Amino acid sequence: MRFSSAARLSFGLALASSAAAKVWDIQVGDASGSLEYSPEAIFADVGDQVVFHFHQKNHTATQSSFAAPCSPLAGGLDSGFMPVPANQTDNFPTWTVTVKDTKPLWFHCEQAANTAASHCGKGMVFAVNCGPDGSANSFTSFKKAALQIGAQLQAQASAAASSDSSQSTQYGYGSGSSGGYGYGGGSGDASSYTTADYGTATIPAEPSPVLTTETVTVETSSWVTVYSSYIGSPDPTPSSLTGNVIKVVVGGSNGELTFSPDHVQAAPRDVIQFEFHQKNHTATQSSFAAPCLRLKDAQSGNVVGLDSGFMPVAADATEFPTWNVTVNDTAPLWFYCRQHKPDGSSHCGAGMVFAVNAVESSARNFTAFKALAQTLNGTASTGNGTAGATGTGNGTDSGSGNGNNGAGVARSMSAALSLGALVAAAAVLL
259 MRFSSAARLS
269 FGLALASSAA
279 AKVWDIQVGD
289 ASGSLEYSPE
299 AIFADVGDQV
309 VFHFHQKNHT
319 ATQSSFAAPC
329 SPLAGGLDSG
339 FMPVPANQTD
349 NFPTWTVTVK
359 DTKPLWFHCE
369 QAANTAASHC
379 GKGMVFAVNC
389 GPDGSANSFT
399 SFKKAALQIG
409 AQLQAQASAA
419 ASSDSSQSTQ
429 YGYGSGSSGG
439 YGYGGGSGDA
449 SSYTTADYGT
459 ATIPAEPSPV
469 LTTETVTVET
479 SSWVTVYSSY
489 IGSPDPTPSS
499 LTGNVIKVVV
509 GGSNGELTFS
519 PDHVQAAPRD
529 VIQFEFHQKN
539 HTATQSSFAA
549 PCLRLKDAQS
559 GNVVGLDSGF
569 MPVAADATEF
579 PTWNVTVNDT
589 APLWFYCRQH
599 KPDGSSHCGA
609 GMVFAVNAVE
619 SSARNFTAFK
629 ALAQTLNGTA
639 STGNGTAGAT
649 GTGNGTDSGS
659 GNGNNGAGVA
669 RSMSAALSLG
679 ALVAAAAVLL
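Using our numbering, the first residue of the sequence shown is number 259, and each one after it goes up by one.
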């Protein structure tokens, strides 16, 4: 077969182009946790391949624009998240982009986007064929713009935390002149407040969570977790693979209407162990907006809150039933005792409440939660059970896997008493 001179020339150019194509290896992050692409910028020819090698943590290579370095470009290229355990040493995942022209390509890491922890906001950006230093579209200018976005996000987070704290101090959490919840005077942003789920109390609005993907490493194990992050929320890293047990005493030998301690900070996998002492108490999950009502699903209205059930303990008891709740994320958990006194007043209204991971720097802190419970006095908490239900609660709806110790005590007591004797005993235990 014979080729024309033009065909031979075309074929030769194609071979030359193919032979000249280059592979650019870009390291994304590293074992030390650095937030960078290495190298940060390259100058590639048409046909070159840019291969992103994703190292430890959980990064992306997401196309953006010079004008908006930390925002995904509509219809742009995106590797998606590439989680890599801390103990991985080879076979890192890769993602390849083929250069199709000589126009600039801008990329950033999308991790923790639009939060103070934004990887892009910390300077984790990359460019192909950017302008030289000193030009209008240089890499230096691109990275500087990303860092400015990060500084703005951090400033906004600090201002929000400071605002929440100052509002908590300024307004207090007593009774206001309008009968509302602690806002008797002063001014504030109305959009930052809402009404409690019952009554007319005004409360700080729930913050907007940011969905965050993070690679967590504990001991020799690593995994990817997706959780809702709030300003001031704890780190999602468990204290250990098995977690710690945090003991909380409910009630006491002198008739205390308390959880002790009344609020704790816990990591995922930690276990809150409620140990029930004298009288007849519960540990029942509620919400900040309705501290003395069992938690309901916002959409369906169905009751979904965890509940130990009533745990009667005699005055001379030396062994105490327990009920466990395993912490799964860093979001706040709110609890109360749903018992009532003979006069009808509630233990919750007396301040018998408890919290896990309340953000103490925010307006929705534990002190505010307790004050709201006392202000509302649990008046709308009827229908959640009475002393007549003593001994029937077994905590099996909690999903904690260890709510049966207290249940065994409760059931044995119930079996030993007639209905009339049971009600009488409940009244004594109040």
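The C-beta atom is built at its ideal place from N, Cα and C for all residues, glycine as well.
Keep in mind it's a predicted model, so treat the numbers as computed, not measured.
Burial state of residue i, where buried means 16 or more other Cβ atoms lie within 10 Å
i, result
"Q557", "exposed"
"V308", "buried"
"A572", "exposed"
"V585", "buried"
"G567", "buried"
"D359", "exposed"
"T478", "exposed"
"F624", "buried"
"A394", "exposed"
"P297", "exposed"
"V503", "exposed"
"A413", "exposed"
"V720", "There is simply no residue 720 to check, as the chain begins at 259 and stops at 688 in what is shown."
"G490", "buried"
"K505", "exposed"
"F301", "exposed"
Nonlocal neighbours in the same chain, by C-beta distance under 7 Å from residue i, ignoring five residues either side
i, result
"G452", "Gly is not the amino acid found at residue 452; the sequence shown has Thr there. Answer for T452: I461 and A463, listed in chain order."
"V286", "Y295, F310, H311, F312, H313, H317 and A319"
"P492", "Q523, A525, T588 and N615"
"D555", "V562"
"A370", "S376, H377 and T470"
Check: residue i C-beta below 7 Å from any heavy atom of the ligand PLP
i, result
"F624", "For the structure depicted, the ligand PLP is absent and the ligand set is empty, with no information on it obtainable."
Close Cβ partners of residue i (< 8 Å) along its chain, the five nearest in sequence each way excluded
i, result
"T352", "V309, F310, H311 and F312"
"F350", "H311, F312, H313 and V342"
"Q632", "G607, A608 and G609"
"G510", "T516, S518, H535 and Q536"
"D391", "F397 and T398"
"R552", "T542, Q543, S544, V561, G563, D565, R596 and N642"
"S337", "F310, F312, T318, A319, T320 and W353"
"P496", "V474, V476, A525, P526, R527 and D528"
"A279", "D303, G305, D306 and Q307"
"L411", "N372, T373, A374, S376 and G379"
Minimum C-alpha distance to residue i - residue among the options
i, options, result
"G607", "T516, D565 and L553", "T516"
"W481", "L499, P492 and S396", "L499"
"A459", "F324, S604, A325 and A548", "A548"
"V614", "S544, Y485, H598 and L630", "S544"
"V304", "V281, M340 and G602", "V281"
"A616", "F546, A454, D601 and C550", "F546"
"D348", "V357, T360, T354 and A289", "A289"
"A525", "T471, T588 and G513", "T588"
"S466", "T373, N345 and P519", "T373"
"V474", "L564, N345 and T580", "N345"
"A626", "H521, A404, A415 and P600", "H521"
"A417", "L630, F624, N560 and S619", "S619"
"G291", "A454, A394, H377 and G513", "H377"
"V508", "S450, A454, M569 and M340", "M569"
"E533", "P494, P579, G559 and D283", "P579"
"A404", "A415, M340 and S323", "S323"
"K401", "A279, M382 and N512", "M382"
"S450", "R622, I284 and G559", "R622"
"G559", "V611, A629, L634 and D455", "D455"
Residues near residue i in its chain [Cβ-Cβ closer than 6 Å; skip 5 each side]
i, result
"K380", "L293 and G408"
"G636", "Interpretation of G636 is limited by its pLDDT of 47, a score under 50 that renders its predicted location unreliable; no figure is taken from the coordinates."
"T356", "Q307"
"E368", "T318 and T320"
"H690", "Missing from the structure shown is residue 690; the chain here goes from 259 to 688 and no further."
"A299", "A385, C388 and F397"
"F339", "N316, T318 and T471"
Residue(s) in a DSSP beta bridge with residue i
i, result
"A308", "First, the residue type needs correcting, since residue 308 is Val and not Ala in the sequence shown. W282 and V355."
"V482", "T473"
"I407", "DSSP lists no partner for I407."
"T453", "T460"
"A299", "A385"
"V503", "V529"
"Q543", "F593"
"L396", "For clarity, residue 396 is Ser in the given sequence; the question names Leu instead. According to DSSP, which records beta bridges pairwise, S396 is partnered with G389."
"T584", "V529"
"L553", "DSSP lists no partner for L553."
"K537", "V571"
Residue-level contact to chain C via CB, residue i, 8 Å cutoff
i, result
"S498", "Here there is only one protein chain, and chain C is not present."
field: Contact the stretch 536 to 543 vs the stretch 585 to 605: 3+ CB pairs below 8 Å
entry: Touching, per the Cβ criterion.
message: Three or more C-beta pairs under 8 Å: does that hold for the stretch 330 to 343 against the stretch 376 to 395?
response: no
message: For the structure I just gave you, are there three or more beta carbon pairs, one from the stretch 520 to 540 and one from the stretch 560 to 578, closer than 8 Å?
response: yes
message: Count Cβ pairs between the stretch 361 to 369 and the stretch 321 to 331 that sit closer than 8 Å; are there 3 or more?
response: yes
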